[in-house]
Structure formats: structure tokens, C-alpha cells
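*Asks:* My questions all concern the structure below.
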Amino acid sequence: PEASPHPPMVELSRYACKRRTSTENHNEIFTDAFEVLAESYEFSQCDSQCLAFRRAASVLKSVPCPLQHVGAAASLPCLGGHTRAVMQEILQYGQSCEVEKILCNDRYQMLKLFTSVFGVGPKTAEKWYRGGLRTLKDALEDPSIELNSMQKAGFLHHKDISQSVSRAEAMALGDILHETALGISAHAVLVLTGGFRRGKAFGHDVDFLLSTPEKGKEEILLLSLVDSLRRQGILLYCDHHTSTFDINNMPGVSFEAMDHFAKSFLILRLYDSQVEGGLQRVEGQDDGRSWRAVRVDVVTPPMERYAFALLGWTGSRQFERDLRRFARKENRMLLDNHGLWDNTKVLLTAPPHPAQTDGSSPLVLLG
Ligand code: ATP
Ligand code: MN
Ligand code: MN
129 PEASPHPPMV ELSRYACKRR TSTENHNEIF TDAFEVLAES YEFSQCDSQC
179 LAFRRAASVL KSVPCPLQHV GAAASLPCLG GHTRAVMQEI LQYGQSCEVE
229 KILCNDRYQM LKLFTSVFGV GPKTAEKWYR GGLRTLKDAL EDPSIELNSM
279 QKAGFLHHKD ISQSVSRAEA MALGDILHET ALGISAHAVL VLTGGFRRGK
329 AFGHDVDFLL STPEKGKEEI LLLSLVDSLR RQGILLYCDH HTSTFDINNM
379 PGVSFEAMDH FAKSFLILRL YDSQVEGGLQ RVEGQDDGRS WRAVRVDVVT
429 PPMERYAFAL LGWTGSRQFE RDLRRFARKE NRMLLDNHGL WDNTKVLLTA
479 PPHPAQTDGS SPLVLLG
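Pasting the structure below:
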């Protein structure tokens with residue numbers, strides 16, 4: 129075939145895990161629009177369209193320059209007719225009519241607002257919207273709505289939690305949790321994971337993986353950690369999920385779902401004095417407080433599952449999704465946060481924790 133007048137600079141894989149992606153996004157004008165469309169489809173439970181726009185955004189994030197012509201996108205994977213039409217509109221008029229319409233849409237705005245509360249998912253948001261609620265105050269004051277404890281905490285700390293977390297704030301929390309964990313067990317291992325491990329400068333929460341070489345003691349360690357945070361007066365909320373992990377019952381069927389490790393979804397209090405350079409200043413929010421609330425996730429896999437848990441919690445969601453798809457389709461293996469199985473469902477040996485590695489495990493390749 130004739131060469132495209134705008135060949136892409138690199139050949140990109142259909143799998144996010146095979147694409148080199150930096151934290152610098154040269155195509156934000158498109159990916160922001162795709163994200164709005166994906167979210168709108170998510171609110172309408174159109175999962176495949178939602179996924180298509182998330183995929184397209186992920187592909188464009190790995191293009192190392194701004195695309196200035198749709199022709200340049202011709203040989204990029206995962207961009208269908210709809211995505212290309214949106215790109216064309218943005219290139220021509222500076223914005224997409226479809227996206228602008230969604231942004232002005234009452235239902236979209238309300239669902240976006242309601243789901244911004246910790247503990248409120250798309251289904252609850254939809255129910256509230258259908259019930260005629262239009263503000264957060266409506267939801268708080270409606271006598272027919274019984275908020276669960278997570279949502280109560282979500283409302284209480286909504287302002288703080290909606291504000292992004294800076295890297296300095298994430299590091300400060302890491303220091304606090306590390307010191308607290310070491311106070312409980314000298315063998316405790318704590319690693320930063322999630323978006324900050326990928327090098328992002330801001331996040332919606334801070335994710336940590338906690339473990340110990342003492343077999344079967346991970347969950348106790350987590351519970352003691354949470355207890356110690358409570359005694360330090362910095363625990364604002366804890367939703368603990370007990371471990372249901374049993375390697376002999378795996379791989380399970382609910383493959384993409386949450387993993388079985390013990391974990392806690394927390395809200396912690398972080399003081400200005402604990403952060404290098406201080407807490408982020410937010411305009412119009414100076415209420416004289418010397419602290420802010422931050423969402424923190426802590427997951428505690430057994431040490432021999434450390435590598436897979438770390439891989440699974442580092443994200444991004446699209447990277448994880450494609451990594452599992454790649455294992456399945458290209459290698460006929462099964463991968464999840466707990467392990468890797470071959471095509472006869474035999475569990476493959478896990479790479480040891482870096483502190484214990486002798487460099488001989490072939491699966492270290494995965495890290
Ligand atoms: P952000 O900056 O928005 O926090 P992030 O990439 O850190 O971005 P998270 O939602 O914190 O996003 O999730 C981090 C990773 O952990 C994701 O890749 C996700 O797959 C994984 N993850 C999150 N929650 C769970 C869970 N309950 N069970 C298993 N894996 C999870
Ligand atoms: Mn995160
Ligand atoms: Mn998280």
C-alpha cells in the first residue's frame with residue numbers, strides 16, 4: 129500500500145503493556161475528550177464503548193508527539209471510526225461537539241458530582257439522580273437515603289479528598305506508614321505502588337503494598353498498623369477487607385475483579401508540618417487548618433505473592449488489563465494479582481522479594 133503522508137513515528141502494539149509510555153502526554157486535547165466520552169458511556173453502562181475510548185486514550189498517551197492530522201493516526205491500533213471522527217472534529221474546530229454536549233448534560237454533571245464522593249459508585253449515583261437529587265446537600269438531607277459509613281466519611285472529607293495528592297504528600301505518608309510499620313515489626317516491608325510508582329506527580333490517592341517475611345502474619349501486621357494510626361490520632365476512616373486468599377482455589381473465575389489479599393481503604397490525616405514544602409495550597413480553601421485528609425490504600429499479600437501483587441497494583445488499569453490479555457492470548461497463560469498459571473492451570477513459581485533474590489528465577493523477567 130501507498131505510504132501514509134503522516135506516518136506514525138513508531139509502530140505501536142495493541143497491548144498497553146507492550147507500549148513505551150512516558151508520563152508526558154502530548155495528545156491531551158484528544159485523551160481528555162476520550163475520557164469524557166468513556167465516563168459518559170460508563171454512566172450508561174455501555175461497557176464496550178467505554179472500554180474502546182479508554183483504549184484509544186491509552187494508545188494516544190504513548191504517541192511521543194502531538195498528532196496534527198488524523199492521517200497520522202491511520203496506522204495506530206485501537207482507533208475506530210468514532211474515535212477518529214472525534215479527533216477530526218477537535219483538529220478542525222478545537223473541540224468536539226459531542227463532548228461539549230456531554231459536559232453540559234445535566235445527568236452527566238450530576239453523576240460526576242455524586243461519584244466524586246468516596247463510597248458512591250455509578251449505580252448509587254444513578255439512583256440518586258433518578259430520585260431527583262441534584263446537589264450533594266440534597267443527598268445529605270434526603271430522609272429516604274441511608275448513607276453507609278464509607279459514604280458518610282466520603283461526605284465529611286469530600287473537599288479534601290477531591291483535591292489531588294502531590295508527590296511530596298505521598299512521600300510524607302510513606303514515611304509515616306513505614307515508621308509505624310517498623311515499630312510493629314522490624315521485618316515489615318512497605319512499598320509505594322499505584323500511580324506514584326509509575327512516576328505520576330499527582331494522584332487521587334496513595335497506594336501501598338505492605339508485607340512481612342513472617343508467614344501468615346501479613347493481615348495482623350495491617351490490623352496493627354491501622355490500630356497504631358488510630359492511636360496516633362491520624363486515622364479518619366478505615367474500611368478493612370479480610371483476606372480470602374487461598375492459592376489452591378485459584379485461578380478463580382472472577383478474573384478482572386478485586387484480588388483476595390487483605391487490604392484497607394483508609395482516610396488519613398496529614399499535617400502541614402509533615403510534608404516537605406508543606407501541604408498543597410488550595411485557593412479559597414484556607415480555613416486555618418494545619419492538616420488535610422488523604423485517601424490511602426494498603427494491600428498486604430503474603431511475601432511469596434509480593435511480585436504479582438506489586439505488578440497488579442502498580443497500574444495503570446489499562447496496562448493491567450492488557451498485561452492479563454497478553455498473557456492469555458499470546459502466551460496461553462493466566463495472570464492476576466496472585467500469580468501466573470500455565471495453560472494447564474499449573475501455578476508457576478513466583479519471583480522472590482528483591483531482598484531475597486539470587487537473580488536465578490526466570491520469572492524475574494516479568495518485573
Ligand atoms: P490515581 O492517581 O488515580 O490513584 P492509580 O493508577 O494509582 O491512579 P488506583 O485506583 O489507585 O489508580 O489503582 C492502582 C492500581 O491498583 C490499579 O492498577 C488497579 O488495577 C489496582 N487496584 C485498585 N484497587 C484494587 C482492588 N480493590 N483490588 C485489586 N486491585 C486494585
Ligand atoms: Mn492510586
Ligand atoms: Mn488506589
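Counting in full-length UniProt numbering, the sequence shown runs from 129 upward without gaps.
Cβ atoms here follow ideal geometry from the backbone N, Cα and C, with glycine treated the same way.
A quick note: this is a predicted structure, and the numbers were derived from the prediction, not measured.
#1: Would DSSP call Phe389 helix, strand or coil?
#2: Might you give, ordered along the chain, the residues of its own chain that have their beta carbon closer than 6 Å to the beta carbon of Gly247, omitting 5 neighbours on each side?
#3: What do you get for Cys366, buried or exposed, if any count of 16 or more other CB atoms within 10 angstroms of its CB means buried?
#4: Would you please state the rounded distance, in angstroms, between the beta carbons of Pro205 and Arg148? I believe it to be under 8 Å.
#5: If you follow the alpha helix (DSSP H) that Arg147 is in, where does it begin and where does it stop?
#6: To the nearest angstrom, how far is the alpha carbon of Gly302 from that of Trp441?
#7: Could you pull the start and end residues of the alpha helix (DSSP H) that Leu351 belongs to?
#8: From this set, Ala316, Ser168, Leu219 and Gly208, which residue's C-alpha is nearest Glu342's C-alpha?
#9: DSSP beta-bridge partners for Gly331?
#10: Restricting to Cα atoms, I'd like to know which of Leu349, Gly361 and Cys174 is closest to Ser313.
#11: Would you report the Cα separation of Asp266 and Asp234, rounded to the nearest angstrom?
#12: Could you tell me if the beta carbon of Ser335 falls within a distance shorter than 8 Å of some heavy atom in ligand 1?
#13: From which residue to which residue does the alpha helix (DSSP H) around Asp425 run?
#14: Quick check: the Cα distance between Glu228 and Val191, rounded to an integer number of angstroms?
#15: What separation, rounded to the nearest whole angstrom, lies between the Cα atoms of Lys255 and Asn459?
#16: Sorry if obvious, but does the Cβ on Asp367 come closer than 8 Å to a heavy atom of ligand 1?
#17: Using C-beta distances below 8 Å, list every residue in its chain close to Phe162, excluding the 5 sequence neighbours before and after it, in chain order.
#18: Grouping DSSP H, G and I as helix and E and B as strand, with all else coil, what is Asp367?
#19: Please confirm whether any heavy atom of ligand 3 lies closer than 8 Å to the CB of Asp425.
#20: Around the Cβ of Asp160, are there at least 16 other Cβ atoms within 10 angstroms (buried) or fewer (exposed)?
#21: How many Å lie between Glu346 and Ile157 at the Cα?
#22: Within the present structure, is the beta-carbon of Gly322 separated from the nearest heavy atom of ligand 3 by less than 8 Å?
#23: Per DSSP, what are the beta-bridge partners of Phe336 in this structure?
#24: Between which two residues does the alpha helix (DSSP H) containing His154 stretch?
#25: For Asn471 and Glu448, I'd like the C-alpha separation in whole angstroms.
#26: Got a sec, what are the start and stop residues for the alpha helix (DSSP H) Ser225 sits in?
#27: Would the segment 396-414 and the segment 287-300 be scored as touching if the rule is three or more Cβ pairs under 8 Å?
#28: Rounded to the nearest angstrom, what separates Glu432 and Leu305 at their Cα positions?
#29: Is Gly331 close to ligand 2? I mean its beta-carbon at under 8 Å from any heavy atom of the ligand.
#30: Please report the straight-line C-alpha distance between Ile395 and Val424, rounded to a whole angstrom.
*Replies:* Taking the coordinates as given:
#1: coil
#2: Met278, Gln279 and Gly282
#3: It is buried - the Cβ of Cys366 has at least 16 other Cβ atoms within 10 Å.
#4: Not a contact, Cβ separation roughly 14 Å.
#5: No alpha helix (DSSP H) contains Arg147, which DSSP labels as neither H nor E.
#6: 16 Å
#7: Glu346 to Arg359
#8: Closest option to Glu342, Cα to Cα, is Ala316.
#9: Val293
#10: Leu349
#11: For Asp266 and Asp234, the gap between their C-alpha atoms comes out near 15 Å.
#12: In the sequence as displayed, the identity of residue 335 is Asp instead of Ser. Flag set: Cβ of Asp335 near ligand 1.
#13: Per DSSP, Asp425 lies in no alpha helix (DSSP H); the unbroken beta strand (DSSP E) holding it starts and ends at Trp419 to Thr428.
#14: 25 Å
#15: 42 Å
#16: no
#17: Phe181, Arg182, Ala184, Ala185, Leu188, Thr211 and Val214
#18: strand
#19: yes
#20: exposed
#21: 44 Å
#22: True, at least one ligand heavy atom lies under 8 Å from that Cβ.
#23: Leu320 and Val426
#24: According to the DSSP assignment, His154 belongs to no alpha helix (DSSP H), since it is labelled neither H nor E.
#25: 19 Å
#26: Sequence inspection shows Cys at residue 225; the Ser mentioned does not correspond to that position. Residue range Cys225 to Cys232 is occupied by the alpha helix (DSSP H) that includes Cys225.
#27: yes
#28: Each residue's CA atom was taken as its position, placing Glu432 and Leu305 some 22 Å apart.
#29: yes
#30: 6 Å
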